[in-house]
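Chemist: Just passing along the structure, written as structure tokens.
There are 2 protein chains.
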Amino acid sequence: MSSICLSMEGGAAASTPAALPYYVAFSQLLGLTLVAMTGAWLGLYRGGIAWESDLQFNAHPLCMVIGLVFLQGDALLVYRVFRNEAKRTTKVLHGLLHVFALVIALVGLVAVFGYHRRKGYADLYSLHSWCGILVFVLYFVQWLVGFSFFLFPGAPFSLRSRYRPQHVFFGATIFLLSVGTALLGLKEALLFNLGDKYSAFEPEGVLANVLGLLLACFGGAVLYILTRADWKRPSQAEEQALSMDFKTLTEGDSPGSQ
Amino acid sequence: MSSICLSMEGGAAASTPAALPYYVAFSQLLGLTLVAMTGAWLGLYRGGIAWESDLQFNAHPLCMVIGLVFLQGDALLVYRVFRNEAKRTTKVLHGLLHVFALVIALVGLVAVFGYHRRKGYADLYSLHSWCGILVFVLYFVQWLVGFSFFLFPGAPFSLRSRYRPQHVFFGATIFLLSVGTALLGLKEALLFNLGDKYSAFEPEGVLANVLGLLLACFGGAVLYILTRADWKRPSQAEEQALSMDFKTLTEGDSPGSQ
Numbered sequence: 080m081s082s083i084c085l086s087m088e089g090g091a092a093a094s095t096p097a098a099l100p101y102y103v104a105f106s107q108l109l110g111l112t113l114v115a116m117t118g119a120w121l122g123l124y125r126g127g128i129a130w131e132s133d134l135q136f137n138a139h140p141l142c143m144v145i146g147l148v149f150l151q152g153d154a155l156l157v158y159r160v161f162r163n164e165a166k167r168t169t170k171v172l173h174g175l176l177h178v179f180a181l182v183i184a185l186v187g188l189v190a191v192f193g194y195h196r197r198k199g200y201a202d203l204y205s206l207h208s209w210c211g212i213l214v215f216v217l218y219f220v221q222w223l224v225g226f227s228f229f230l231f232p233g234a235p236f237s238l239r240s241r242y243r244p245q246h247v248f249f250g251a252t253i254f255l256l257s258v259g260t261a262l263l264g265l266k267e268a269l270l271f272n273l274g275d276k277y278s279a280f281e282p283e284g285v286l287a288n289v290l291g292l293l294l295a296c297f298g299g300a301v302l303y304i305l306t307r308a309d310w311k312r313p314s315q316a317e318e319q320a321l322s323m324d325f326k327t328l329t330e331g332d333s334p335g336s337q
Numbered sequence: 080m081s082s083i084c085l086s087m088e089g090g091a092a093a094s095t096p097a098a099l100p101y102y103v104a105f106s107q108l109l110g111l112t113l114v115a116m117t118g119a120w121l122g123l124y125r126g127g128i129a130w131e132s133d134l135q136f137n138a139h140p141l142c143m144v145i146g147l148v149f150l151q152g153d154a155l156l157v158y159r160v161f162r163n164e165a166k167r168t169t170k171v172l173h174g175l176l177h178v179f180a181l182v183i184a185l186v187g188l189v190a191v192f193g194y195h196r197r198k199g200y201a202d203l204y205s206l207h208s209w210c211g212i213l214v215f216v217l218y219f220v221q222w223l224v225g226f227s228f229f230l231f232p233g234a235p236f237s238l239r240s241r242y243r244p245q246h247v248f249f250g251a252t253i254f255l256l257s258v259g260t261a262l263l264g265l266k267e268a269l270l271f272n273l274g275d276k277y278s279a280f281e282p283e284g285v286l287a288n289v290l291g292l293l294l295a296c297f298g299g300a301v302l303y304i305l306t307r308a309d310w311k312r313p314s315q316a317e318e319q320a321l322s323m324d325f326k327t328l329t330e331g332d333s334p335g336s337q
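Chains A and B are the protein sequences, given in the same order. Quick note on the numbering used here: the first sequence kicks off at 80 and runs consecutively. Quick note on the numbering used here: the second sequence kicks off at 80 and runs consecutively.
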């Protein structure tokens, strides 16, 4: 398998579209602001985070914003940012970021179920929770299918190239659904906690509304970078040669091919 | 201008991807179910709709689902569905559907502001309302800019083709933000109306959760049809000839060109 991991040293000339780094920097600024602002909201108005108390709930929004919004978004951008690295390296980074996101989201899930049990609240009755479970299951399935097609050696190349556009579409959709679910959760927390005070423009309500708008902007920024046609990762000579090697390799002796 | 409106009779052979009609039919089924279910929710659980009473509020969700979700989504699909009609006809239909959507959404906005005034409620304090105003303003601006670039004769062709990808991206983004805003509004209505009963799996709560999932599915279905690369509208020989004609025409004597 060592022939797969070609180094890019002395490879094709690197080319990055002029505006791309600025858009990526802007998206990262938005993403970090999101995480900081979620922390500030929980710290200033919700009493901070602690696992062994009622504050366990607060781990839920923080984990979800870090995992299913920021890290998931960044995992989608990996192919645009590391456009001149070897494809395999980029692919592994993409898969790893999604694993981190998934694990952090799992901690966030455990936090909210633990909090509900502690307080004797019902589980999974709200639209937020339905969307959340849907997102988590789809995200996990997408990761498994993505892994078996693209990282695990054995999938025939024809299957890979037929699955790739579906993987990209569902990846973007799951990300957007994650952002939407976060907005629903934020809204739920505001109505539960602020009640009538929400309509009096309490500072917490305004802060959380701004956080909601930033969540939507981050989703928009990632989507823009991802979909802009002239920013797509170029198909490199190295990869094409590799693909041919790999095609022969996998279609020749892989147990998965027919 | 009559040379622009070429008929397709005897034109290039029509070709429609085999699966496209099924996906479009599915999206329409989802869209109509959405509208019917919103009506059923308002009729069965919210007392129906009447303009001159507290039931004025109920015009808001119905108008928004019809205008900013169903019609807006369908306006985006026009170029996929009428792929073999003359481009100009399709363009006018696209613009008109967006006008209908905008007018219906305006009625929905008037309804909620009227209801708030009647009840003495504060305006524009919630995340739903902030997102809603943002969507409405962006949608109106997008329509105006789209009209002046693509329907009003005069924009140079080079400008049109540079603006087109931005128009498509922002169109899809505004549509998705509309769906997200509808979800936030639905959630708000549920928490205001059901309160603690929401967690007891009341029929209204379950119905509204299903409505929320269908909203997200409709958004996903429209996005899928819109972004699938091999379903994009083909550039027709007719259009290319037209473009050249029009290019000469507009760059020659249009007041807008430089």
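By construction, the Cβ of each residue, glycine as well, lies at the ideal position given by its N, Cα and C atoms. Because the structure is a prediction, the values reported are computed rather than measured.
Residues of chain A with a CB under 7 Å from the CB of residue 284 of chain B: which are they?
Modeler: Taking the second sequence and counting its residues from 1, the one referred to as residue 284 of chain B is at position 205. Within chain A, the residues near residue 284 of chain B are 204.
Chemist: Identify which residue in A:154, A:308 and A:98 has its Cα closest to the Cα of residue 253 of chain A.
Modeler: The residue labelled residue 253 of chain A in the question sits at position 174 within the first sequence. It is A:154.
Chemist: Since residue 190 of chain B contacts residue 135 of chain B with CB under 8 Å, what's their CB separation in whole angstroms?
Modeler: Within the second sequence, the letter at position 111 stands for residue 190 of chain B. Within the second sequence, the letter at position 56 stands for residue 135 of chain B. So it is a contact: roughly 5 Å between Cβ atoms.
Chemist: Please report the distance separating the alpha-carbon of residue 304 of chain B from that of residue 291 of chain B.
Modeler: Here residue 304 of chain B corresponds to residue number 225 of the second sequence, with the count starting at 1. Here residue 291 of chain B corresponds to residue number 212 of the second sequence, with the count starting at 1. Answer to the nearest angstrom: the Cα atoms are 20 Å apart.
Chemist: Rounded to the nearest angstrom, what separates residue 91 of chain A and residue 197 of chain A at their Cα positions?
Modeler: As a first step, residue 91 of chain A must be located in the first sequence, where it is residue number 12. As a first step, residue 197 of chain A must be located in the first sequence, where it is residue number 118. Unreliable placement is indicated for residue 91 of chain A, whose pLDDT of 42 sits below 50; the coordinate value is still reported in the next sentence. Rounded to whole angstroms, residue 91 of chain A to residue 197 of chain A spans 58 Å at the Cα level.
Chemist: Could you tell me which of B:112, B:205 and B:111 sits nearest to residue 283 of chain A, measuring between CA atoms?
Modeler: On the first sequence, position 204 is the one that residue 283 of chain A refers to. Nearest C-alpha to residue 283 of chain A: B:205.
Chemist: 8 Å is my cut-off, CB to CB: does residue 277 of chain B come that close to chain A?
Modeler: As a working mapping, residue 277 of chain B is identified with position 198 in the second sequence. Yes - at least one Cβ of chain A is within 8 Å of the one on residue 277 of chain B.
Chemist: Determine, using beta carbons only, whether residue 288 of chain B comes closer than 8 Å to chain A.
Modeler: The count along the second sequence starts at 1 and reaches residue 288 of chain B at position 209. So yes, residue 288 of chain B belongs to the interface.
Chemist: Do you know whose CA, among B:244, B:228, B:188 and B:247, lies nearest residue 209 of chain B's CA?
Modeler: Sequence index remark: in the second sequence, residue 209 of chain B carries index 130 (1-based). Selected option, being the one with the closest Cα: B:188.
Chemist: Starting from the C-beta of residue 214 of chain A, find all residues in its chain whose C-beta is less than 8 Å away, skip the five residues before and the five after it, and write them out in chain order.
Modeler: To locate residue 214 of chain A, count along the first sequence from 1; it is residue 135. Taken in chain order, the residues that qualify are 147, 253, 256, 257 and 260.
Chemist: Which first and last residues belong to the alpha helix (DSSP H) in which residue 272 of chain A is found?
Modeler: Within the first sequence, the letter at position 193 stands for residue 272 of chain A. Unbroken alpha helix (DSSP H) run through residue 272 of chain A: 236-273.
Chemist: On the CB-based measure, 16 or more other CB atoms within 10 Å of its CB, does residue 230 of chain A come out buried or exposed?
Modeler: Taking the first sequence and counting its residues from 1, one reaches residue 230 of chain A at position 151. When all chains shown are included, residue 230 of chain A counts as exposed.
Chemist: Note down, in chain order, each residue of its chain lying with its Cβ closer than 6 Å to the Cβ of residue 145 of chain A, except the 5 sequence neighbours on either side.
Modeler: If you number the first sequence from 1, residue 145 of chain A lands on position 66. 114 and 183, listed in sequence order.
Chemist: Do you know offhand how far residue 299 of chain B's Cα is from residue 109 of chain B's?
Modeler: For the purposes of this step, residue 299 of chain B is taken as the residue at position 220 of the second sequence. For the purposes of this step, residue 109 of chain B is taken as the residue at position 30 of the second sequence. Those two C-alpha atoms are separated by around 11 Å.
Chemist: Below 8 Å between beta carbons is the criterion; list the residues of the segment 223-249 of chain A that meet it against any residue of chain B, in chain order.
Modeler: Those would be 244 and 248, in chain order.
Chemist: Against residue 259 of chain B, what residues of chain A qualify as contacts under a CB-to-CB distance less than 8 Å, listed in chain order?
Modeler: Working through the second sequence from its first residue, we reach residue 259 of chain B at position 180. Simply 258, 259, 262 and 295.
Chemist: Please name the residues in the segment 104-118 of chain B whose beta-carbon is closer than 7 Å to at least one beta-carbon of chain A, in chain order.
Modeler: Of all residues in the segment 104-118 of chain B, none has a Cβ within less than 7 Å of some Cβ in chain A.
Chemist: Closest to residue 131 of chain A by CA distance: which of A:195, A:225 and A:263 is it?
Modeler: As a first step, residue 131 of chain A is located in the first sequence; it is residue number 52 there, counting from the start. Out of A:195, A:225 and A:263, A:195 has the C-alpha closest to the C-alpha of residue 131 of chain A.
Chemist: Determine contact between the segment 226-245 of chain A and the segment 165-180 of chain A, defined as no fewer than three beta-carbon pairs at a distance below 8 Å.
Modeler: The answer is yes - the segment 165-180 of chain A touches the segment 226-245 of chain A, with three or more Cβ pairs under 8 Å.
Chemist: Going by C-alpha to C-alpha distance, which of B:95, B:170, B:306 and B:126 sits closest to residue 222 of chain B?
Modeler: Numbered from 1 along the second sequence, position 143 holds the residue referred to as residue 222 of chain B. The residue with the shortest Cα to Cα distance from residue 222 of chain B is B:170.
Chemist: Got a sec? Which residues, its chain only, sit under 6 Å from residue 126 of chain B by beta carbon, not counting five neighbours each side?
Modeler: Residue numbering aside, residue 126 of chain B sits at position 47 when the second sequence is read from its first letter. Hits under 6 Å: 134.
Chemist: Do we get a CB-CB distance below 8 Å when we pair residue 308 of chain B with the residues of chain A?
Modeler: Position 229 of the second sequence, counted from the first residue, corresponds to residue 308 of chain B. Yes, its Cβ sits closer than 8 Å to a Cβ of chain A.
Chemist: Assign residue 130 of chain A to one of three DSSP states: helix, strand, or coil.
Modeler: Looking up residue 130 of chain A in the first sequence gives position 51. It is coil, neither helix nor strand.
Chemist: Quick one: what's got a C-beta closer than 6 Å to residue 328 of chain A's C-beta in the same chain, skipping five residues either side?
Modeler: By one-based count along the first sequence, residue 328 of chain A stands at place 249. Low confidence applies here, because residue 328 of chain A scores a pLDDT of 46, under 50, leaving its location unreliable; read the following figure in that light. None.
Chemist: Tell me the start and end of each unbroken alpha helix (DSSP H) in the segment 160-229 of chain B that is at least 4 residues and wholly inside, in chain order.
Modeler: Counting whole runs of 4 or more residues, the segment 160-229 of chain B contains the alpha helix (DSSP H) stretches 166-198 and 206-225.
Chemist: Alpha carbon to alpha carbon, how far is residue 117 of chain A from residue 150 of chain A?
Modeler: Here residue 117 of chain A refers to the residue found at position 38 of the first sequence. Here residue 150 of chain A refers to the residue found at position 71 of the first sequence. The straight-line gap from Cα to Cα measures roughly 15 Å.
Chemist: Run through chain B and tell me which residues come within less than 8 Å of residue 201 of chain A, C-beta to C-beta.
Modeler: Looking up residue 201 of chain A in the first sequence gives position 122. Result: 278, 279 and 280.
Chemist: For residue 316 of chain A and chain B, any beta-carbon pair shorter than 8 Å?
Modeler: For the purposes of this step, residue 316 of chain A is taken as residue 237 along the first sequence, with counting starting at 1. Annotation note: pLDDT 48 at residue 316 of chain A (below 50); position unreliable, coordinate value reported separately. Answer no: the Cβ-Cβ gap between residue 316 of chain A and chain B never drops below 8 Å.
Chemist: Looking at the structure shown, is residue 106 of chain A part of a helix, part of a strand, or coil, going by DSSP?
Modeler: Position 27 of the first sequence, counted from the first residue, corresponds to residue 106 of chain A. Of the three classes helix, strand and coil, the one that applies to residue 106 of chain A here is helix, per DSSP.
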